[in-house]
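So the structure is just underneath, and the comments pick up after that.
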Amino acid sequence: MTTFPPPSDFNGPHAASLAGCVDLHMHSCLSDGANTPEYLVEWAADLGLKAISLTDHDTTRGIKQAIRRGHELGVEVIPGVEISVKLSGGTFHLLAYFYNPDDTAFEATLRELAAKRETRNRKIVQALTEHGMPITYEEVLQEAGEAVVGRPHIAAVLERKGYVASRQEAFDKWIADDAPCYFEKDTFGPEQALRFVREHKAVPVIAHPIWLNRGGLDKTEEYLKQLKAWGLLGLEAIYPDHDEVWTAGLIEIAQRLGLVVTGGSDYHGGRTKPQVTLGHGEGGGFKVPATVLDGLQAARKAAREAA
Ligand code: AMP
Ligand code: ZN
Ligand code: FE
Ligand code: FE
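The opening position of the sequence shown corresponds to residue 566 in this note's numbering, with each subsequent residue numbered one higher.
Now the structure itself:
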């Protein structure tokens, strides 16, 4: 098991330098981020980050170009993707690392999931129209451009058409998980998602475990134990939304359950989470030590060797 510095070492208010650090969670314009994969790699190189992972929502399309740019600039780029998983009353996010970028079946399945998104997104558009906010699916597509179409794009259309003052208001009033115009995506459940990732020899890691919304750390641990039985290998303990108690608590849980610890900023750019920048959380008070790579490499080996 990798040893980690105490949370205060990477969660202090002013983490100045990112040299030798990593950032294993970020989005490009191929999902709902503002920047190209190449730009993210260039910025990472400039910051001195040792390794990054591009983890777009439900697509691996940006990964090869990111890896190519990483080779040129000396930044290790780990293949990643953030998969939405259906949970009663909402969704959670599962990161998958180290899939083979040439594994076309992996991307093909993700594309099938994206097609199911369309059915769901059309239902949301219809409901918003019925609630007196007429928008069309074509407007949403236009907003998304090349990206995997999601609620952030619907929120942007609602804002642009003046139905809400901000994208956040669009979520809070209309399209958040508990709001009136929300519909669940027909996608993988937890067991299915974990099986899918493990079948493709990739490393499944729970993204931002605080948003599993189980309640406290005890309940979260109980649920993680179940996920581990289904093939989970890691936890993203180091994350901007985790305070010191959650970070330390999740690291302890990972050690108890034999899971590896990862971390990332979840940088999107643009107007999404403006307090987060590459490698840094709010106020710069966040960074992910490169020691997490040792654990992740060990998990990669375990994932490949498993039947
Ligand atoms: P989708 O995958 O289409 O269901 O959209 C999920 C994305 O919407 C998440 O990755 C967040 O970026 C955003 N999102 C979900 N819930 C909220 C919320 N309550 N407030 C703001 N953004 C949200
Ligand atoms: Zn996102
Ligand atoms: Fe996420
Ligand atoms: Fe994310």
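Yeah, the Cβ is synthetic: ideal placement off N, Cα and C, and Gly gets one too.
Note that the coordinates shown come from a computational prediction; the quantities given were computed from them, not determined experimentally.
- What is the rounded straight-line gap between the Cα of Pro-578 and the Cα of Trp-608? Bear in mind that a pLDDT of 36 at Pro-578, under 50, signals an unreliable position, so the model cannot answer this.
- Sorted by chain position, which residues of the same chain lie with C-beta nearer than 8 Å to Arg-869's C-beta, five sequence neighbours on each side aside? Lys-766
- Task: Compute every distance between the C-beta of Ala-871 and the non-hydrogen atoms of ligand 3, then say whether any falls below 7 Å.
- Result: no
- Nearest-angstrom Cα distance between Ile-617 and His-696? 42 Å
- Message: Using CA atoms only, rank isn't needed, just tell me which of Arg-821, Ala-741, Cys-594 and Pro-774 is closest to Ile-805.
- Response: This sequence places Pro at residue 805; Ile is not what is there. Closest by alpha carbon: Pro-774.
- Consult DSSP for His-579 and reduce its assignment to one of helix, strand or coil. For His-579, the predicted model reports a pLDDT of 37, less than 50, meaning its position is unreliable; a value from the coordinates is still stated below. Coil, per DSSP.
- Message: Any heavy atom of ligand 6 closer than 7 Å to the beta-carbon of Glu-801?
- Response: Absence of ligand 6 is noted for the structure shown, with ligand 1, ligand 2, ligand 3 and ligand 4 being the only ligands found.
- Determine the direct distance from the alpha carbon of Leu-678 to that of Asp-623, and round the result to whole angstroms. 8 Å
- State the CB to CB distance for the pair Ala-661 and Ile-648, rounded to an integer number of angstroms; the pair is presumed to be in contact (CB under 8 Å). 6 Å
- Message: Could you check whether the Cβ of Gln-691 sits closer than 7 Å to any heavy atom belonging to ligand 1?
- Response: no
- Drop a sphere of 10 angstroms on the beta-carbon of Lys-750, count the other beta-carbons inside from all chains shown, and report buried for 16 or more, exposed for fewer. buried
- Nearest-angstrom Cα separation, counted from Lys-838 out to Ile-803: 17 Å
- How would you label Asn-665, buried or exposed, when you count the other beta carbons within 10 angstroms and need 16 or more for buried? exposed
- Query: Can you give the Cα-Cα distance for Lys-738 and Thr-752, rounded to whole angstroms?
  - Reply: 24 Å
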